[in-house]
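Accompanying notes for the structure given below.
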DNA sequence: GGAAACATACCGAACGGTTGGTATGGACGT
DNA sequence: ACGTCCATACCAACCGTTCGGTATGTTTCC
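Right under this line is the structure:
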């Protein structure tokens, strides 16, 4: 039950400020290259505050992933496209929304948990698990709409709503890497457009056939 | 013009061994978390050798990206699918080949330059540029086949061969992140299957129409 | 042909700075 | 008075980097 600091009433408490600093700094520099001092400086607190709230740097990484999950969940749950009636419209609304928030610097629109996963999957299993839960939890929110859209159009496919939902995340994560490589957003947006076109093709075909180029 | 070391003909020279160690260790631990000592230990050389061949750790990162470009270029150029006659068969052969090499531990099948890009794009521009050249250079090798396949089937599209080629890389990079998150390969393979299905749909439609769900 | 002069490849101890983490004490609300 | 919250001071380990040194060619000139 952490009470808000009273002597700095205009800013949030140290823990939240550290989590926000982690969100911003780690997206820009990566987890390993971000020092505890970096985070304290960005949050405007001292090391005493840091290790009061987090046992280790790894624990902060886990907490940052959890914080990311909370904030992004609320962000998408309240997005306008969620109010659309048709499930397929909501699915395309999601993709359009993702496109719309690809703006500014890569550090501002890329995914914290995707970045951390890539970096620490081998050395910090606790962080990796928190990131995986975030990514796949977010993907799971798309499944009901996909399933409903399939049912509404009578689509019998050799893919599952879950696999398509995860595929959207793969495309987004990959698009972020392209954006980081170039420093621009055009390549990322192009790739999301390809995803949009794929969804269009999937849901305009009355019956999804087997892949004629299947290697088997 | 470094000539090959003559007095130790049985092992590769220290430089190559360090580059191979970098390829393996950085894929497993990331660039920032990999120390120079780690690399020297893995390569079986001393720090003296390291800094004899590379001015800084960053310079090794650039060289490792260049080495990755060289070795993977040769690897794909000699792959069996390259011998197929039909351009579209080569394109699907490429995707199948990518699927086939997703095997073992993520550290063994994921992309060094994608990992490094994600991590150092902000702090080490020199490494980022070398990685970007590798990714987009590899993507460019797909463009001729895509363009030829489009021409052969009379496809008029609102996308370019270059954008589709880059999209394949985005899907692969994103698939690698999913694989790292779970520790398994199934999710990565699923996503590449979605890519394959997308290509099938694109090249089975006689004329690619505008996107009915376009937000405009 | 042979030795001097130079170049290349590598070793390993040491350095200054930074790292994640700790020990301790004080301000504050209850 | 007491626990929570945070600041200051500090530490040992580790970091990337430097550098004096050795071993082994290669080139040059007599």
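Protein chains in written order, with the numbering used here: chain A, 2 to 217; chain B, 2 to 217. Ideal Cβ positions, reconstructed from N, Cα and C, are used throughout, including at glycine.
Proximity to residue 88(A) [Cα-Cα], best of 158(A), 39(A), 162(A): As a working mapping, residue 88(A) is identified with position 87 in the first chain. When only C-alpha atoms are compared, the closest one is 162(A).
is_contact[residue 58(A), chain B] using C-beta, thresh 8 Å: Here residue 58(A) refers to the residue found at position 57 when the first chain is read from its first residue. No, residue 58(A) does not count as interfacial toward chain B.
Residue interval of the alpha helix (DSSP H) (run including residue 138(B)): Numbered from its first residue, the second chain carries residue 138(B) at position 137. The continuous alpha helix (DSSP H) containing residue 138(B) extends over residues 126-141.
Range of the contiguous alpha helix (DSSP H) that encloses residue 49(A): If you number the first chain from 1, residue 49(A) lands on position 48. Its alpha helix (DSSP H) spans residues 48-54.
Under the three-state DSSP convention, the category residue 202(B) falls into: Within the second chain, numbered from 1, the residue matching residue 202(B) stands at position 201. DSSP places residue 202(B) in helix when its eight states are reduced to three.
Test: residue 70(B) CB closer than 8 Å to a CB of chain A: Counted from its first residue, the second chain places residue 70(B) at position 69. Chain A has no Cβ within less than 8 Å of the Cβ of residue 70(B).
Contact residues within the stretch 15-43 of chain A, judged by C-beta distance below 7 Å to chain B: Going along the stretch 15-43 of chain A in chain order, one finds 29, 30, 31, 33, 34 with a Cβ nearer than 7 Å to chain B.
Proximal residues of chain A, C-beta to C-beta of residue 199(B) below 9 Å: Indexing the second chain from 1 puts residue 199(B) at position 198. Residues of chain A passing the Cβ test: 195, 196, 198, 199, 202, 203.
Contacts of residue 66(B) in chain A (Cβ-Cβ under 7 Å): By one-based count along the second chain, residue 66(B) stands at place 65. Under the 7 Å cutoff, chain A gives no residues; its nearest Cβ is about 11 Å from residue 66(B).
Backbone secondary structure at residue 194(A) - three-state DSSP: Indexing the first chain from 1 puts residue 194(A) at position 193. It is helical.
Counted within 10 angstroms of its Cβ, other Cβ atoms place residue 159(A) as buried (16 or more) or exposed: Here residue 159(A) corresponds to residue number 158 of the first chain, with the count starting at 1. Under this definition residue 159(A) is an exposed residue.
With 16 other Cβ atoms within 10 Å as the buried cut-off, status of residue 36(A): Counting from 1 along the first chain, the entry for residue 36(A) is found at position 35. Burial call: exposed.
Residue-chain proximity (residue 186(B), chain A), Cβ-Cβ < 8 Å: Within the second chain, the letter at position 185 stands for residue 186(B). Cβ-Cβ to chain A under 8 Å: no for residue 186(B).
Residue 119(A) versus 79(A), 28(A), 20(A), residue with shortest Cα-Cα distance: Residue mapping note: residue 119(A) aligns to position 118 of the first chain, counting from 1. Residue nearest to residue 119(A) within the set 79(A), 28(A), 20(A) is 28(A) (criterion: CA-CA distance).
Per-residue contacts from residue 102(B) into chain A (C-beta, under 7 Å): On the second chain, position 101 is the one that residue 102(B) refers to. Near residue 102(B) there are no residues of chain A at all, since even the closest Cβ is about 14 Å away, more than 7 Å.
Where the alpha helix (DSSP H) containing residue 39(A) begins and where it ends: Position 38 of the first chain, counted from the start, is the residue given in the question as residue 39(A). If you look at residue 39(A), you'll find it in the alpha helix (DSSP H) that goes 37-44.
Where residue 215(B) falls, given that 16 or more other Cβ within 10 Å makes a residue buried: In the second chain, residue 215(B) corresponds to position 214, counting from 1. The predicted model places residue 215(B) with a pLDDT of 47, which falls under 50 and marks its position as unreliable, so this point remains unresolved.
Residues, ordered as in the chain, of the stretch 115-139 of chain B that lie near chain A by beta-carbon distance below 8 Å: Per Cβ criterion, the list reads 115, 116, 118, 119, 120, 121, 122, 123, 124, 129, 132, 133, 136, 137.
With 16 other Cβ atoms within 10 Å as the buried cut-off, status of residue 195(A): Residue numbering aside, residue 195(A) sits at position 194 when the first chain is read from its first letter. With 16 or more Cβ atoms within 10 Å of its Cβ, residue 195(A) is classed as buried.
Alpha-carbon spacing of residue 201(A) relative to residue 179(B), whole angstroms: Walking along the first chain from the start, residue 201(A) turns up at place 200. Walking along the second chain from the start, residue 179(B) turns up at place 178. Answer to the nearest angstrom: the Cα atoms are 24 Å apart.
Residues near residue 100(A) by beta carbon distance below 7 Å, same chain, minus five either side: Stepping through the first chain from its first residue, residue 100(A) is reached at position 99. 190, 193.
Alpha helix (DSSP H) segment containing residue 95(B), residue limits: Here residue 95(B) refers to the residue found at position 94 of the second chain. In the DSSP annotation of this structure, the continuous segment of the alpha helix (DSSP H) that includes residue 95(B) starts and ends at 88-101.
Cross-chain neighbours of residue 162(A) in chain B, by beta carbon under 9 Å: Taking the first chain and counting its residues from 1, the one referred to as residue 162(A) is at position 161. For residue 162(A), there are no C-beta contacts with chain B under 9 Å, since the nearest C-beta of that chain is about 12 Å from it.
Start-to-end residues for the alpha helix (DSSP H) that takes in residue 73(A): Here residue 73(A) is taken as the residue at index 72 of the first chain, counted from 1. Looking at the DSSP string, the run of the alpha helix (DSSP H) that includes residue 73(A) is 58-78.
Residue range of the alpha helix (DSSP H) that includes residue 30(B): The residue given as residue 30(B) occupies position 29 in the second chain. Segment 15-30, the alpha helix (DSSP H) holding residue 30(B).
7 Å Cβ shell around residue 64(B) - same chain, five flanking residues per side excluded: Sequence index remark: in the second chain, residue 64(B) carries index 63 (1-based). Taken in chain order, the residues that qualify are 20, 55.
Neighbourhood of residue 199(A) by C-beta, 6 Å cutoff - its chain only, sequence neighbours within 5 removed: Mapped onto the first chain, residue 199(A) falls at position 198. Cβ neighbours of residue 199(A) beyond the five flanking positions: none.
Span of the alpha helix (DSSP H), counted from its first residue to its last, around residue 107(A): Reading the first chain from its first residue, position 106 is the one you call residue 107(A). 107-110 is the span of the alpha helix (DSSP H), which, as asked, contains residue 107(A).
Identity of the residue in 125(A), 136(A), 147(A) nearest residue 58(A) by Cα: Against the first chain, residue 58(A) aligns to sequence position 57. Closest in alpha carbon position to residue 58(A), among 125(A), 136(A), 147(A), is 125(A).
Contacts that residue 175(B) makes with chain A (C-beta to C-beta distance below 8 Å): Here the question's residue 175(B) lines up with position 174 in the second chain. Under the 8 Å cutoff, chain A gives 170, 171, 172, 173, 174, 175, 176, 178.
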